[in-house]
Structures are given as structure tokens and as C-alpha cells.
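In the working numbering, each residue's number is its place in the sequence shown (first place is 1) plus 126.
A virtual CB, placed ideally from N, CA and C, is assigned to each residue, including glycine.
Each remark here refers to the structure printed beneath this line.
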Amino acid sequence: MAPKAKKEAVPAKTEAKSKALKAKKSVLKGVHSHKKKKIHTSPTFRRPKTLRLRRQPKYPKKSAPRRNKLDHYAIIKYPLTTESAMKKIEDNNTLVFIVAVKANKHQIKHAVKKLYDIDVAKVNTLIRPDGEKKAYVRLAPDYDALDVANKMAEQWLQEKEAEKRKQKTRVTPRPSPSPMIESTPMSIAGDATPLLDEMDR
Numbered sequence: 127m128a129p130k131a132k133k134e135a136v137p138a139k140t141e142a143k144s145k146a147l148k149a150k151k152s153v154l155k156g157v158h159s160h161k162k163k164k165i166h167t168s169p170t171f172r173r174p175k176t177l178r179l180r181r182q183p184k185y186p187k188k189s190a191p192r193r194n195k196l197d198h199y200a201i202i203k204y205p206l207t208t209e210s211a212m213k214k215i216e217d218n219n220t221l222v223f224i225v226a227v228k229a230n231k232h233q234i235k236h237a238v239k240k241l242y243d244i245d246v247a248k249v250n251t252l253i254r255p256d257g258e259k260k261a262y263v264r265l266a267p268d269y270d271a272l273d274v275a276n277k278m279a280e281q282w283l284q285e286k287e288a289e290k291r292k293q294k295t296r297v298t299p300r301p302s303p304s305p306m307i308e309s310t311p312m313s314i315a316g317d318a319t320p321l322l323d324e325m326d327r
């Protein structure tokens, strides 16, 4: 194969000339000839959302994290056992609870699932005239509300019995007589003897 012919170097004069011609064309044409107009569809203008970095503190502001005051036990206060609540259990497969006022439906659902290990289909809530929040918890079709209510009652009775046993085992110690009570009659008797002597005289 024959060696490739080397390209001849472009002289500096012609390069400068071509550069000058390009500059001339651009000056004649102008820079803003192809600028696109932005279409505004509303009369209001808003500031663009700039980058906002998250805080990276050097040390924690609090030594310990705040305790969750609205836990499962705080959310569900107690089940209702009124006649209307019993009818709901029998007819609609629904349990009725009195719950914390600040608890929402999602929190009630999770609390019931955690405490009683049952699946919930739907939760309806209302605020009673006395200010308490009532929750109607409809169970999934796999669970029977009557069986769940019976289990809850058994569990409640067991807890009550355990509390009674604890109270019986606690022995209250006898109160020890205070030294002040013992000393008072002696002092009174001591003060009274000179008075009796004077009366005899």
C-alpha cells in the first residue's frame, strides 16, 4: 500500500480571513434572530422553586427522642357494650370502640389490628355530644365480630382477676407509733404535779 499523502497545512492568512467573514456574517445577522418566545398561559408569575438543602446539624437538639403519646393503647380507650353496639356486632359484623379524639381512621385501623390481631375492612367515626370519639370498626369477612367480642371479654376478665390477685398479695405494714404521741402524756403529767401540791397546801 502506498503511504497516505499528508494534508497541507492551511496558511494563517486564509484562516484569519475565514474567521473574519464568519464574524461579519454573525454581526449582520444578529444574535437574537432565533430567540423563541415563551408562551404565558396565566396572568400570574411565580418565583421558580430553588434548591433547598436539608439541615445537617452538628449535634442533636434533644438528648432523647420524644415519646409517642398516641400509641395503640392510647388510641383505643375501651369497647362499647350498649344495646345498639351489640346489634352492630350481630347484624353488621362491626365492633364499636371509644377512641382518642386526635386519632384518625388509619391509626384506629392499625391499633385494632395490633391489639386484637384482626383484619379491618372499614372504619367510620363520629364525635358524640359529650366530646368523645366513637369508632365503628367493620371487620373483614374472614372474622366474626361476635367471636372477637367474646375473646375480648375473656381477656378483660383475666386482666381484672390478675389485678385482684396483685392487690391481695400486697401486705400493708402496720404504722409504727410516733415518739411525739408517747412523750406528750408524760410531759402533761410532769407539769400537773406541782399544781396538785399547791392545791393541797
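Just the Cα atoms here: how many angstroms apart are residue i and residue j?
i	j	result
residue 211	residue 222	6 Å
residue 119	residue 293	Any question about residue 119 goes unanswered here, given that the chain covers just 127 to 327.
residue 285	residue 256	28 Å
residue 173	residue 194	38 Å
residue 138	residue 145	11 Å
residue 151	residue 180	50 Å
residue 140	residue 161	32 Å
residue 290	residue 183	51 Å
residue 167	residue 189	51 Å
residue 247	residue 218	12 Å
residue 165	residue 171	12 Å
residue 163	residue 143	35 Å
residue 149	residue 155	10 Å
residue 253	residue 175	41 Å
residue 216	residue 169	60 Å
residue 153	residue 185	59 Å
residue 287	residue 209	26 Å
residue 295	residue 191	37 Å
residue 187	residue 281	42 Å
Mind checking whether residue i and residue j have CB atoms under 8 Å apart?
i	j	result
residue 283	residue 274	no
residue 276	residue 262	no
residue 220	residue 228	no
residue 269	residue 244	yes
Roughly how far, in whole angstroms, is the beta-carbon of residue i from the beta-carbon of residue j, given that I think they are within contact range, below 8 Å?
i	j	result
residue 238	residue 259	Incorrect: roughly 14 Å between the Cβ atoms, too far for contact.
residue 202	residue 241	6 Å
Going by CA-CA distance only, name the one from the options that's closest to residue i.
i	options	result
residue 279	185, 207, 149 and 184	207
At least three beta-carbon pairs within less than 8 Å, the segment 232-241 to the segment 198-210: Segments in contact, yes.
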